[in-house]
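My numbering numbers the first residue of the sequence shown as 22 and each following residue consecutively.
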Amino acid sequence: MSFEETFEEYINHYTAHKEKEIKLKVIKDAIKAHYNNQEERLLKVNGVVARLKTKKEYRVKEDIYEYLEDYGYLPLVVSVNKSLEKQFNLSSAKTNHKSSVRLYTGGKAIVDTEVIASKYNYFQSYDLEKLSDEFKRSFTEEKLAKASLEEVKEQLKEEMPGNSISTDYGTLKLTETYDFDMNAVFDRVSKNKEAFIKMLEQNVYEVIIFPEETRILMSGNDFLGEQTVEVLYNKPNVKLESLFVKKRAFNQYKKDGYVLSHFEIDIDPFEFFKTCKVSKTKINDLIQQGIIPEKDIEPFLEVVGETEFIEVLNEGSVEQQSNLHHQKLIERSQKYRSNTEEHYVVDNSLPSPTNIKIDIEDFNF
22 MSFEETFEEY INHYTAHKEK EIKLKVIKDA IKAHYNNQEE RLLKVNGVVA RLKTKKEYRV
82 KEDIYEYLED YGYLPLVVSV NKSLEKQFNL SSAKTNHKSS VRLYTGGKAI VDTEVIASKY
142 NYFQSYDLEK LSDEFKRSFT EEKLAKASLE EVKEQLKEEM PGNSISTDYG TLKLTETYDF
202 DMNAVFDRVS KNKEAFIKML EQNVYEVIIF PEETRILMSG NDFLGEQTVE VLYNKPNVKL
262 ESLFVKKRAF NQYKKDGYVL SHFEIDIDPF EFFKTCKVSK TKINDLIQQG IIPEKDIEPF
322 LEVVGETEFI EVLNEGSVEQ QSNLHHQKLI ERSQKYRSNT EEHYVVDNSL PSPTNIKIDI
382 EDFNF
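Structure (structure tokens):
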């Protein structure tokens, strides 16, 4: 099948799914209308649940990191800084890595939402019993239509002649989305470091630490990781390339009298995660999922906006959703505690004449 034929099939499946999606929304709106005519916060009929939820917009306070660490939430709510992603190869830490295709229509609608919705106005007169049956049927139909659409999108992705192509409906582009396992990010960052070391005079060295490109004057008896600067300077260099410095710059450093050495630095996980930005979206998601108790975290948040909405879903989906998110929390919290016990550093290092300490703040995460 040619790309043009696959694209035509994609448009057909897109249209079919959109109709199922709009029909399901009309049914949900009809159920919500019944919900609004009662006083309870939960409506349940024939395995269909409608519940009132509140989404809040937060501004985080500085002392939130301590609370998040104490309860094991910290790796779940921080995000990778762009500079960190540029400095390190974090591909092994990526999760939920998905590639797909997306059609950018520039505001042009492929289907007429209002026309399709008007076909299903009769649902507004249904009672809850009939609506619950229609919801379950329509819910399944929408899922099947979406699965068929995703299959065609996968085929279309494979047949794309490039990353972007113009069509009669708009521009079709390859897209990529992913998140990071922050525990895996920490494991990557807390290890490989490189130092270009140059002796300026007897027992005085200029050290450039990568990937942060931090310049420090150190004595030969000062430590980089577990070894002294003098040992690293005199250690035979078996690698001809740098992990972080391009070949031209690497050769220039060698020409200028620098020696490349490799070392590791133990980093306190809490100090590392404090350099990462707390995601308000992730915090709100965990609150909505019931993982973080809102009353416990409220002292560390400032509410700047609030929106109420009614959620309609299958009763089984509520329990499955809760179990899935709690299992994810348990696994990541256990990994974080393991990191903390293994990597937390008590300051009992061997004394050196100048006792220079490399602080986490010296590094541009």
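Even for Gly, the Cβ is constructed at its ideal location relative to N, Cα and C.
*For the region 38-47 against the region 279-297, are there 3 or more C-beta pairs whose distance is under 8 Å?*
no
*asked:* Can you give me the C-alpha to C-alpha distance between I218 and M239, rounded to a whole angstrom?
replied: 10 Å
*Using alpha carbons as the reference points, say which of E30, K49, E26 lies closest to E403.*
No statement about residue 403 is possible, as the shown extent of the chain runs from 22 to 386 and does not include it.
*DSSP beta-bridge partners of K74*: F330
*Quick one, are the C-beta atoms of S211 and I288 less than 7 Å apart?*
yes
*Look at A51 and A114 and say whether their C-beta atoms are less than 7 Å apart.*
no
*Is the CB-CB distance between F201 and E215 below 7 Å?*
no
*Based on Cα-Cα distance, which residue from G311, E319, L45 lies nearest to A166?*
L45
*Could you tell me whether any Cβ in chain B is nearer than 7 Å to the Cβ of G278?*
Annotation note: the requested chain B is absent from the structure, which comprises a single protein chain.
*For S185, I'd like the list of residues in its chain whose CB is within less than 8 Å of its CB, leaving aside the five on either flank, ordered along the chain.*
T192, L193, K194, L195
_Extract the residue ranges of the alpha helix (DSSP H) inside the region 28-91, only unbroken runs of 4 or more that lie entirely within it._
85-91
*In terms of DSSP beta bridges, what is L284 paired with?*
One detail in the question is off: residue 284 reads as Phe in this sequence, not Leu. Paired residue(s): K214.
*Do E180 and T302 come within 7 Å of each other at the CB atom, strictly closer than that value?*
no
*asked:* Does the region 83-101 come into contact with the region 317-331, if we say contact requires no fewer than three beta-carbon pairs (one atom in each stretch) closer than 8 Å?
replied: yes
*Can you tell me whether DSSP reads T161 as helix, strand or coil?*
helix
*asked:* Does V99 come out as helix, strand or coil in the three-state DSSP assignment?
replied: strand
*Confirm, please, whether the CB-CB distance from Y226 to V387 is below 7 Å.*
The requested residue 387 does not occur in the structure, where the chain is confined to residues 22 to 386.
*asked:* Using the three-state DSSP reduction, which class does N305 fall into: helix, strand or coil?
replied: helix
*asked:* Quick test of your reading: G326 and E78, contact by CB under 8 Å. State the CB separation rounded to the nearest angstrom.
replied: 3 Å
_Using a 10 Å radius around the Cβ and a threshold of 16 neighbouring Cβ atoms, would you call S146 buried or exposed?_
exposed
*Return helix, strand or coil for Q310, following the three-state DSSP convention.*
coil
*Starting from I131, follow the beta strand (DSSP E) in both directions and report where the run begins and ends.*
I131 -> no beta strand (DSSP E), and no H or E assigned at all.
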